[in-house]
Amino acid sequence: MSYAIIGSGAIGSALATQFTRSKIKTVISNRRGAASLEDAAQAFGTSVSAAETADALDAEVIILAIPFDSVGEVAKLRHDWSGKIVVDATNAIEFPAFKPLDLGGRPSSQVVAAQFNGAKIVKAFNTLPAAVLTEEPRRSDGNRTIFVAGDHADANEQIASLVTSLGFSPITLGKLAEGGLLQQFGGALAIHSLIKQRQGKLPHA
Ligand SMILES: NC(=O)c1ccc[n+]([C@@H]2O[C@H](COP(=O)([O-])OP(=O)(O)OC[C@H]3O[C@@H](n4cnc5c(N)ncnc54)[C@H](OP(=O)(O)O)[C@@H]3O)[C@@H](O)[C@H]2O)c1
181 MSYAIIGSGA IGSALATQFT RSKIKTVISN RRGAASLEDA AQAFGTSVSA AETADALDAE
241 VIILAIPFDS VGEVAKLRHD WSGKIVVDAT NAIEFPAFKP LDLGGRPSSQ VVAAQFNGAK
301 IVKAFNTLPA AVLTEEPRRS DGNRTIFVAG DHADANEQIA SLVTSLGFSP ITLGKLAEGG
361 LLQQFGGALA IHSLIKQRQG KLPHA
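This is the structure in C-alpha cells:
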C-alpha cells in the first residue's frame, strides 16, 4: 500500500514519527507546500518524503491530519476518490469554546465521508493527544491501542493492519455511526489511552 499524511502539524508529525520508527514509507504534505517540509522530511529520514498535497493524493491510503474545517479544501482537489481509503484523524471542534462542533447528531466522519465521493472512510488516530501518539507504542508492558471504525470491513481491516505494523494494537469498533461516534471528540473514547497488556505482564490473581 502507498500512504500519504496530509498535514504536518502536531498529529501529522506524530504519525510521520511512527512511520519512520516502523520503516514504512509515506509522503507528507501541508498547506504551504513541499519546500516548507524538506528539512522536516530529512529529519524523519528515508521513510518520509515531502510532497505537494495534489501529488500526495495519489496514495492509496490518505490520512487526514488537518483541521476539520480544512477537510473540504482537500476533498475538492479530486472529483472521484474511488479505490482510496481516507483515514479521518480529525476532530470536529468548535473554537474557542473547545467543545464538539454541532453537526446535528451526525458522526463527524460521516460529514467527512460525504465530501470524498467514492472513498472508504476509516476513523483512526484521532483519540490520542499528539504528544502521546508520538511516543513509542511498543512498551515493555504491552502496546498502545488505536481505535478503528468505518463502514467498509475491508478498509477497516487494512487500517487495522497498518496500525499493527506501526506497533500499536488496533481495536475495531464497527461502523462510523457506532464506533465513530464513540471515538470522535466528545465521545466516550476520546482521549482514552489504553495499553493492551502483554499476557506475561498480567497481574496474578
Ligand atoms: N493536536 C492534537 O493533540 C490532536 C489530537 C487528536 C486529533 N487532532 C486533530 O488532528 C487534526 C490536526 O490537528 P493538529 O493539532 O495536528 O493541527 P496543526 O498542528 O494545526 O496542523 C494542521 C496541519 O494541517 C495542514 N493543513 C491545513 N489545511 C490544509 C490543506 N487545505 N491542505 C493541506 N494541509 C493543510 C497545515 O498546513 P501548514 O503547516 O502549511 O499550515 C498543518 O500542517 C485536527 O483535526 C485535530 O482536531 C489533534
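Position 126 of the sequence shown, counting from 1, maps to 306 under the numbering used here, and the rest follow consecutively.
Heads up, the beta-carbon is just placed ideally off N, CA and C, and yes, glycines get one too.
Bear in mind that the values here come from a model prediction, so they are computed numbers and not experimental data.
Contact check for VAL302 against ALA335 passes: the beta carbons are separated by less than 8 Å. The DSSP assignment places complete beta strand (DSSP E) segments of no fewer than 3 residues inside the segment 334-359 at 349-352, in order along the chain. Inclusion of THR325 and ILE351 in the CB contact set at 8 Å is warranted, their separation being smaller than that value.
Contact check for LEU217 against THR233 fails: the beta carbons are separated by 8 Å or more.
Here THR270 is buried. Its C-beta has 16 or more other C-beta atoms within 10 Å.
Contact check for SER188 against ALA223 fails: the beta carbons are separated by 8 Å or more. In this chain, the beta strand (DSSP E) harbouring GLN377 covers 375-377. Beta-carbon to beta-carbon, SER345 and ILE204 are separated by about 6 Å, close enough to satisfy the 8 Å threshold.
Rounded to the nearest angstrom, the gap between the Cα atoms of PHE296 and ASP260 is 7 Å.
Annotation: the segment 224-251 contains the following complete segments of the alpha helix (DSSP H) (minimum length 4 residues), in chain order: 233-236. With a cutoff of 7 Å, PRO247 counts as near ligand 1, since its C-beta is closer than that to a heavy atom of the ligand. A distance below 8 Å between beta-carbons, with the five flanking residues on each side excluded, links GLU274 to the following residues of its chain, in chain order: PRO280, LEU281 and ASP282. Boundaries of the beta strand (DSSP E) around ARG324: 322-330.
For ARG319, the three-state secondary structure derived from DSSP is strand.
With a threshold of 7 Å, the Cβ atom of VAL328 does not count as near ligand 1, since no heavy atom of the ligand is closer than that. When secondary structure is reduced to three states using DSSP, THR206 falls in the strand class.
Taking VAL207 as the centre and dropping the five residues before and after it, the same chain places the C-beta of ALA184, SER229, ALA231 and ALA236 closer than 6 Å to its C-beta, in chain order. With a cut-off of 7 Å, the C-beta of ALA190 is classified as near ligand 1, since at least one heavy atom of the ligand falls inside that distance. Classified as exposed, GLN379 has fewer than 16 neighbouring CB atoms from the shown chains inside 10 Å of its CB.
Restricting attention to GLY298, MET181 and ILE242, the CA atom closest to the CA of LEU195 is found in ILE242.
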